Every structure is written in structure tokens, then in C-alpha cells.
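Working notes, structure below.
4 protein chains.
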Amino acid sequence: MPKQTFFNLPEEKRERILGEAVAEFKDYDYDVASINRIVERSGISKGSFYQYFKDKEDLYLHIMSIIGEKKIQYLTPSMMNFAEVNFYDALREMYRAGIEFALENPDYAEIGNRMMKDTSGLLQKIRETFTPKGDDMFIALLQKGQENGDVRADLDLRLVAKIMIGMQISVVEYYFEKHQDEGYSMKIMEELDKFFDLIRNGIS
Amino acid sequence: MPKQTFFNLPEEKRERILGEAVAEFKDYDYDVASINRIVERSGISKGSFYQYFKDKEDLYLHIMSIIGEKKIQYLTPSMMNFAEVNFYDALREMYRAGIEFALENPDYAEIGNRMMKDTSGLLQKIRETFTPKGDDMFIALLQKGQENGDVRADLDLRLVAKIMIGMQISVVEYYFEKHQDEGYSMKIMEELDKFFDLIRNGIS
Amino acid sequence: MPKQTFFNLPEEKRERILGEAVAEFKDYDYDVASINRIVERSGISKGSFYQYFKDKEDLYLHIMSIIGEKKIQYLTPSMMNFAEVNFYDALREMYRAGIEFALENPDYAEIGNRMMKDTSGLLQKIRETFTPKGDDMFIALLQKGQENGDVRADLDLRLVAKIMIGMQISVVEYYFEKHQDEGYSMKIMEELDKFFDLIRNGIS
Amino acid sequence: MPKQTFFNLPEEKRERILGEAVAEFKDYDYDVASINRIVERSGISKGSFYQYFKDKEDLYLHIMSIIGEKKIQYLTPSMMNFAEVNFYDALREMYRAGIEFALENPDYAEIGNRMMKDTSGLLQKIRETFTPKGDDMFIALLQKGQENGDVRADLDLRLVAKIMIGMQISVVEYYFEKHQDEGYSMKIMEELDKFFDLIRNGIS
DNA sequence: AATGAATGAGTCTTCATTCAT
DNA sequence: AATGAATGAAGACTCATTCAT
Chain B
1 MPKQTFFNLP EEKRERILGE AVAEFKDYDY DVASINRIVE RSGISKGSFY QYFKDKEDLY
61 LHIMSIIGEK KIQYLTPSMM NFAEVNFYDA LREMYRAGIE FALENPDYAE IGNRMMKDTS
121 GLLQKIRETF TPKGDDMFIA LLQKGQENGD VRADLDLRLV AKIMIGMQIS VVEYYFEKHQ
181 DEGYSMKIME ELDKFFDLIR NGIS
Chain F
1 MPKQTFFNLP EEKRERILGE AVAEFKDYDY DVASINRIVE RSGISKGSFY QYFKDKEDLY
61 LHIMSIIGEK KIQYLTPSMM NFAEVNFYDA LREMYRAGIE FALENPDYAE IGNRMMKDTS
121 GLLQKIRETF TPKGDDMFIA LLQKGQENGD VRADLDLRLV AKIMIGMQIS VVEYYFEKHQ
181 DEGYSMKIME ELDKFFDLIR NGIS
Chain U
1 MPKQTFFNLP EEKRERILGE AVAEFKDYDY DVASINRIVE RSGISKGSFY QYFKDKEDLY
61 LHIMSIIGEK KIQYLTPSMM NFAEVNFYDA LREMYRAGIE FALENPDYAE IGNRMMKDTS
121 GLLQKIRETF TPKGDDMFIA LLQKGQENGD VRADLDLRLV AKIMIGMQIS VVEYYFEKHQ
181 DEGYSMKIME ELDKFFDLIR NGIS
Chain W
1 MPKQTFFNLP EEKRERILGE AVAEFKDYDY DVASINRIVE RSGISKGSFY QYFKDKEDLY
61 LHIMSIIGEK KIQYLTPSMM NFAEVNFYDA LREMYRAGIE FALENPDYAE IGNRMMKDTS
121 GLLQKIRETF TPKGDDMFIA LLQKGQENGD VRADLDLRLV AKIMIGMQIS VVEYYFEKHQ
181 DEGYSMKIME ELDKFFDLIR NGIS
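Quick note, the sequences are listed as chains B, F, U and W, same order. In terms of UniProt numbering, the first sequence opens at residue 1 and continues consecutively. In terms of UniProt numbering, the second sequence opens at residue 1 and continues consecutively. In terms of UniProt numbering, the third sequence opens at residue 1 and continues consecutively. In terms of UniProt numbering, the fourth sequence opens at residue 1 and continues consecutively.
If you want it as C-alpha cells, here you go:
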């Protein structure tokens, strides 16, 4: 949690610092990311940095929480009426929200992915704080699906949830690689629907 | 390629060094892994290390090639009779081999995953040397499946291959977490079969 | 170019660092000169050094530019009225300035000579930035001499210029060795005049 | 002085080692030259090296003595009949010999120049061992010239000798730069003669 | 609140030399 | 006579963090 001094900063300055920090953590893993570089590019002094944040971890956690909040903004609306829609529509909506988040906030998505992959000990704890949310949402969704009869009853839901989260990342990466140049387009939803048909009806 | 001096070492020492290096690369990304720590824990001098290996990359590549060979040992037998078996049996066999490799060589698997995730530029090239194998195998398998009529014709095979590789990793991670204490057990195959049924027939 | 932090230093400290750096580059070629020694003798930490200078080359270039400026202070006055004086007076003045510079700034002269001799590749570029001045000045002087009829027309001026620059170094070295103990004295000019008579009228 | 073991070596091996050592000292100053590289390229073991030579300095001194001997081979014949010829012919012959040596043994010449330039303390002593020869020869020559009346009496011969040695190096370097591509040719003597005319009769 | 100089441990890598076999 | 493994000091450089002003 940044110190109060940070929140007292004029917004412009606060955003500048955060922006450069995001740029750094997008390009480098936590361990390799450099406070030196962030400070330099932000145009603030080293001393100031340590008056805003306790240490590197403090800054990182703050950014992660910002990313988390942003992600929830995308997900929440689609969760509202889960009760009413059927399982597949809900699942599709969830994927769509996640992908839209990634497309509109590529830096945040990249940092998130980086965190998921990192195993440097420090981040282990952090990950455990952030991932359950996503996991639990998927599991809850699947349970509802089982209740509705939309999903087979004999599945290990935690495994399926884990796989589906992994799928979401794979799909986003694939889309990034494929459409790198064309820029963002939600044409991805067409492909996603084919993918959902696959989930639903199997490969065969 | 390590220098000849390394291969001239008494096996015990050679294995000790490699063991400590593996332990290091298992715990840290390439950039963060420390030669200092490796030599310290191996009980050799820094000078000696550089008489065995050209540099950090040389050591890393050597370990990667050892891992690659090991993995091939697991995969090769199952590839033998791909022509004769049907698509799903082959796919199942492939997964089984991959999972067995990961369960019996968790450190190697961890290093492999780490490499796949790394974005430090240096490893980009290395990855391209090692990953095509996996990707291509999956794609080849899927193509054969399409020819046999086992797999639907309207699929983007590269996307499906990417997802299935991601799945394999997810599955392995899941079983690591679940069976951490119980130690390795191939009871996993029972659950995997349920999973394959899912792939085949869909979630519904 | 040193970083701003360096120029912010109290003058005493700044001069101490520069002094020790000059002492190092006077005693050792660029490649052999040691940052470790410089910081140790300056009484600053290694970290501080790299907050003042980007790297070894940065420090070296800064010193070279100081030397260059100093040298120009010696040369400029004598260049003022080249147009009016005859060739031999100009040449003599040029030598005198160079020798005076070397006698009064022996460390600078030594570093300069060292640079001229270096072949380490890095300094090649640097040399090309600094030497043209000297070469060109000599050639310009000789050309003017030819126009005035003071210098024979059948000479390869580039060769003569090269020789005369070498002569200047030889002369300085000679007086260093000879008058090492006696300290600096411009009695050298008497001998130099004999030498110029030699240049003018030949050995015979 | 190399150890006896070195001289017991089969000639082929001895020459190979020396050849690689010469190649190293041609490319790098004494301090920067690497025993590691020499050993590696010679295909001998580190241990062997130190059974042939006491240390780096021992090897270097041996090479310098070889170079010295070679140079004497070029110079001696021309010195034979100094008594009989006039001063300028002798001087011209001396230059010619030196230049021919440099053209036919460029590596040796390069190492020699490097030594002359080096000031690493160690080489100071070495230089003092080797240079007097050259200096003394020039001085002797000039003295004879003075006796014959070929050379003015009012010259500081040690200074003139130093300058003339420097000139020889300048001339060789110039010729190397100018005729780099055309390969070796004694056409240089034509230019040299112009240069001697200059020495003799002065610039004017 | 802001500064920025100071720090020492850390990074990878190369070196000349020794010594037991 | 030959080997080559072992070594520790030294090289340049980066790091996150502290603290006096």
C-alpha cells in the first residue's frame, strides 16, 4: 500500500509515475524490473520514490490492485444477470469480457500474465491473493451449469476451471499473434464462437 | 556446448554441478538465476565454472538439451505406432507421456515451463529451437485426425494445438497441487480419461 | 558527458576524482586503466562513480575534452596572427606552444600520447575526433608556406606533416628525459631554434 | 629466457607456439595480451606453457630477442662498410634496411612499435635493453658524419638521433597507410630519397 | 514534501599461475 | 615431459535502498 504522500500528489504526477511503472513491469519480470529506470523515466528523484512507496513490492502490489479493479469493471456487468441466462451464454460473456479487457488494456494483461508465470517466491503470495477471484468465478459458473443440467455432472470442476482459465490466455495470445498488425477488432468473437461450439460439442 | 573439461570431470562432480544448476534454473528465471549461487552450492570456484562452460547461456542450453532428450525418451515410444491407432488413443498417449515426464521429472518440467514463459529476448531464440517440436507434433496429430474423420474439419488447427498444449500444462500443474503430498501416482490417468471424454464430446 | 550529478559535486571532490582519474590514465592505457583503482584512491564508492559517469568511456572522453580545451588555450594565441608572420616563425610558434603545453601539463601530454598510440579499436573513433585538428593545422601551415615560397613545392605535405608531428613528440620526450631533475625550463627554446635551423637548412 | 624444455621441443611445435604468441602480441599490448588465448590457439596445455616459460614476461622477452636478432640481420650488412661510404649513403642505407625489415616482417615491426609505445612499467626496463642499440647506431653514424664534415658540428646528436628514429617509424607508418592495398614494393625508396634530400638540404 | 548523493553487495566474466597426476 | 583442473583476484557495471539536507 503506497504511503499517504503518494495519494497527496497532483493527479498528473501520480499518473505519470504509475504509467512508467506499468511500462516497466510490462517489459520486465518483477525481479528484473528496475526501480532505477522507473524513477529516471518518471522524472522524479529516488528519494521521492521511497517516500511514496515502501519498496519495490509495495509499488508492484499497488499496480496489481489497480489491474484487478480494472478487470472487475469488465467482468462485473456480465455477472449481473448470470442467474437468468443459460450457462453457455454466461460462459461466452465471461470470455468476451476477459478478452475485451486484454485487448483494451494490453499492458495490464501483459503484467497479469507475467505475474501468473512468475515463481519468484515473492509473487507466489501475491498470485494467491489475486487468482482465487478468477478461479472462483469460473467454478461458481460451472456449478450453476451443473445445476441447470447444462454441464455434465461427473466433472472435477476445479480442474475444468483451471483449464478454462488457461484456455482464455491461450486464445488471447493466439489472437494477439495473428492480428498483431490489423489492430484491435472484436472480430475475434466470431472465432471465439467456433471455439465455444468446440467446448460444447467436443472435437469430434 | 560445455567444454571438454566438463565432460572430463568425475561423474560425481559433474552430476553435482548439473544438479545445483538445475535447482537454480528451477527456482529462478534465466535472467535472475545466479552463477554465483550455482558455484557456491556446487563447491567449485568461479574460475572453474568458466573452464567448464563458455558462459551462462552455455550452461543453460546444455541443461535444456538434457531436458529435451529426456522428454523425447518419454514421447518417442508413444509415437511409434501413431499410424495404426486412432486419433484419440494417440492424443491420450501423448498427454500421458507428457504428464508422466512432468511427474517423474518435476524440476525439468518446471524449467521447461519457465522457458516457455520467458520473454527476455535471449531465450526467444532458444525457445524457437525447442518448441516447434511440440507444436508441430500436435498439429500433425490433428491433421491426421481430420483425415481420418476423427476431428471436425472446420477447426483452426493452430489455435486448437495451442490450446491443447496449454491444457497439458494446466493439467500437470493441477495434479502437482492436488497430489503434492501423496507423491506421484498414475491414478491421474483415470481423471485424464474423463477429461478426454470431455474434449471428445464436449462439456455438455 | 558526465552526468549532472558529477557537476553538482563540491569542487574539491570533483577535482579529487578527476585528479585520480588523470593519474590513472597517465599511468595505464585505456584498456588497462582500472575503475576500481580510481574509486579506491578517490575515496568514493563504486556505486557513486557510476552515478557520476555512464561508464569508463564517459570518464575518459571527459578527460580528453578537458585536455583538448587546455591544449587549445596554448595554441590559439599563436594561431591569431599566422597570416602576417612568415612560415618559419609560425612553425616555431606552433612547436613552442605544443612544447610549453607538454612541459606545463605533463600528465595531460602523456595521456594524449597514450591515446595517439592506442590501437584498441574503441579509441580509434576517439582519436579521429581529436587528431584531425593537429594534422590539419600542420598541413594548412605547410600549404601556406608553399604559397609564400617558404617551402619547396615538390613535397608530399601529408608525409611531412606526419613527420613533423612525430618530431614534436620526440622533442618533448627528449626534454622530459633530459631535464627531468632540473624541472621545467624554457631554455629548451634555444635548442629548439637550433633544431629549426636544421629543419630549414638541412643537416649538412 | 625460456626453459630448456622449450628448446627440446620438436621444431614444428616450437614454431607453432612462437607463431601464435607473435600473433597475439601483434594484436594486443603486453598487458592485454592473453596467455589463455595463446595456449588455446597453439593447441598446447596450460601446464605445458609454464613448463616452457617462467611466465608471460619470459615469453615476451624471448620474442623480443628474436625480433632483435632479426633486425640485426637486416642492419648488419649495411653497417659493414660504413667506414668507406659517405655519411648520407650510410644513413640512407640504414633507413632502407629498417624499412625493408618492417615491410618483410610486419608482425615483428608492429610488436616493436607496440613496445616502444608501451609504458606499463614492466616494459620500461625491456625497452631500455633494446633501444640503446638503435640509438647508439644512429649516434655513431652522426658522429662519423660530423668528423667527415658531412654533418654540422653544432648539433645535439642525441636529440637528432631520437628524432631520426621517430622519423623512421613515421615514414613506415605513412607508407603502410598509403600503399596498404598495393602490397609491398620498394618503390618506397624513391619517396625516401626525396625525404633524404629534405633532411640534407632542409625544407626551404 | 522533496531531493539526490552515497553505498556495498551483487551481476557475469577473464586472468595468470599452480600443482597433483 | 605433459597434462588440465583448480583457483581467487580482478575486471566493468547495476541494483534497491538509506539518509542528511
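The beta-carbon is built from N, C-alpha and C at its ideal position, and this holds for glycine as well. Fair warning: this is a prediction, and the values are worked out from it, not measured in the lab.
**OP:** Find the nearest neighbour of F/Arg14 within the set F/Ser34, F/Asp27, F/Ser48 and F/Tyr28, judged by alpha-carbon distance.
**Re:** F/Ser48
**OP:** Identify whether F/Arg96 lies in helix, strand or coil by the three-state DSSP scheme.
**Re:** F/Arg96 sits in a helix when the DSSP states are folded into three classes.
Original post:
At which residues does the alpha helix (DSSP H) containing B/Arg41 begin and terminate?
Top reply: Ile35 to Ser42
**OP:** Measure from the alpha carbon of U/Asp58 to the alpha carbon of each residue in U/Glu69, U/Gly43 and U/Ala21, then state which is nearest.
**Re:** U/Ala21
Subject >> W/Phe53 - containing alpha helix (DSSP H), residue span >> reply: Per DSSP, W/Phe53 belongs to no alpha helix (DSSP H) and is neither H nor E.
Original post:
Can you give the Cα-Cα distance for B/Ile165 and F/Ile163, rounded to whole angstroms?
Top reply: Roughly 11 Å between the two C-alpha positions.
**OP:** Assign B/Ser42 to buried or exposed, taking buried as 16 or more other Cβ atoms, counted over all protein chains shown, within 10 Å of its Cβ.
**Re:** Burial of B/Ser42 is indicated by the presence of at least 16 other C-beta atoms within 10 angstroms of its C-beta.
Original post:
CA-CA distance, W/Leu91 and U/Ile67?
Top reply: Straight-line Cα distance between these residues: approximately 38 Å.
**OP:** Note down the Cα distance separating W/Tyr28 from W/Glu177, rounded to an integer number of angstroms.
**Re:** 20 Å
Subject >> Pair within 8 Å by beta-carbon distance, W/Lys56 and U/Lys117 >> reply: No, the Cβ-Cβ distance between W/Lys56 and U/Lys117 is not below 8 Å.
Subject >> Partners in chain B for F/Leu198, counting only beta-carbon separations shorter than 8 Å >> reply: Arg152, Leu155, Val160 and Gly202
**OP:** Report yes if the C-beta distance between W/Leu75 and W/Ala109 is below 8 Å; otherwise report no.
**Re:** no
**OP:** Can you grab the Cα-Cα spacing for the pair B/Leu61 / F/Ile126, in whole Å?
**Re:** 31 Å
Subject >> Within 7 Å of chain F by C-beta, residues of the UniProt domain "HTH tetR-type" (11-71) of chain B in sequence order >> reply: Asp29, Asp31 and Val32
Subject >> Reduced DSSP category for residue 240 of chain B - H, G, I as helix; E, B as strand; rest coil >> reply: Lying before the first or after the last residue shown, residue 240 of chain B is absent from chain B, which here runs from 1 to 204.
Original post:
Does F/Ile111 get closer than 8 Å to chain B when you measure Cβ to Cβ?
Top reply: no
Subject >> Inter-residue Cα distance where the pair is F/Met64 and F/Asp107 >> reply: Each residue's Cα considered, the two are about 12 Å apart.
Subject >> CB of B/Phe195 within 8 Å of CB of B/Val171, strictly >> reply: Yes. Within cutoff.
Original post:
Going along chain W, which residues have a C-beta under 7 Å from U/Met115?
Top reply: Correct list: empty, because the minimum Cβ distance to chain W is about 11 Å.
**OP:** Give a yes or no on whether the minimum CB-CB distance between U/Glu128 and chain W is below 8 Å.
**Re:** no
**OP:** Express the C-alpha separation of F/Lys71 and U/Arg114 in angstroms, rounding to a whole number.
**Re:** 57 Å
Original post:
With a cut-off of 8 Å, does the C-beta of U/Ile169 fall near any C-beta of chain W?
Top reply: Yes, because at least one Cβ of chain W sits closer than 8 Å to the Cβ of U/Ile169.
Original post:
With F/Phe6 and F/Phe53 assumed to form a contact (beta carbons below 8 Å), what rounded beta-carbon distance in angstroms separates them?
Top reply: 7 Å
**OP:** Enumerate in chain order the residues of its own chain whose CB-to-CB distance from W/Gln51 is below 6 Å, with the five nearest sequence positions on each side excluded.
**Re:** Thr5, listed in sequence order.
Original post:
Does the beta carbon of U/Gly98 sit closer than 8 Å to a beta carbon anywhere in chain W?
Top reply: no
**OP:** For B/Asp174, return the contacting residues in chain F, with the cut-off set at a CB-CB distance below 7 Å.
**Re:** According to the sequence as given, residue 174 of chain B is Tyr; it is not Asp. In chain order: Leu159 and Lys162.
Original post:
Does the distance from the CB of B/Leu142 to the CB of B/Val160 come in under 8 Å?
Top reply: yes
Original post:
Under a three-way DSSP split, which group does B/Val85 fall into?
Top reply: Three-state DSSP puts B/Val85 in coil, outside helix and strand.
Original post:
CB-CB under 8 Å to B/Ser45, same chain, minus the five flanking residues each way: which ones, in chain order?
Top reply: Val39
Original post:
Of all Cβ atoms in chain B, is any one closer than 8 Å to the Cβ of F/Lys125?
Top reply: No, no contact with chain B.
Original post:
Do W/Ile111 and W/Phe25 come within 8 Å of each other at the CB atom, strictly closer than that value?
Top reply: yes
Original post:
If you measure from the beta carbon of U/Glu191 to each beta carbon in chain W, is any gap under 8 Å?
Top reply: yes
Original post:
Going along the chain, which residues of its own chain have a beta-carbon closer than 6 Å to the beta-carbon of F/Pro2, five neighbours each way excluded?
Top reply: Tyr52, Phe53 and His62
Original post:
So what's F/Pro77 in DSSP terms, helix, strand or just coil?
Top reply: Of the three classes helix, strand and coil, the one that applies to F/Pro77 here is helix, per DSSP.
Original post:
If B/Asp31 and F/Val151 are in contact, beta carbons under 8 Å, what's the gap, nearest whole angstrom?
Top reply: So it is not a contact: roughly 42 Å between Cβ atoms.
Original post:
Are the beta-carbon atoms belonging to B/Leu155 and F/Leu198 less than 8 Å from one another?
Top reply: yes
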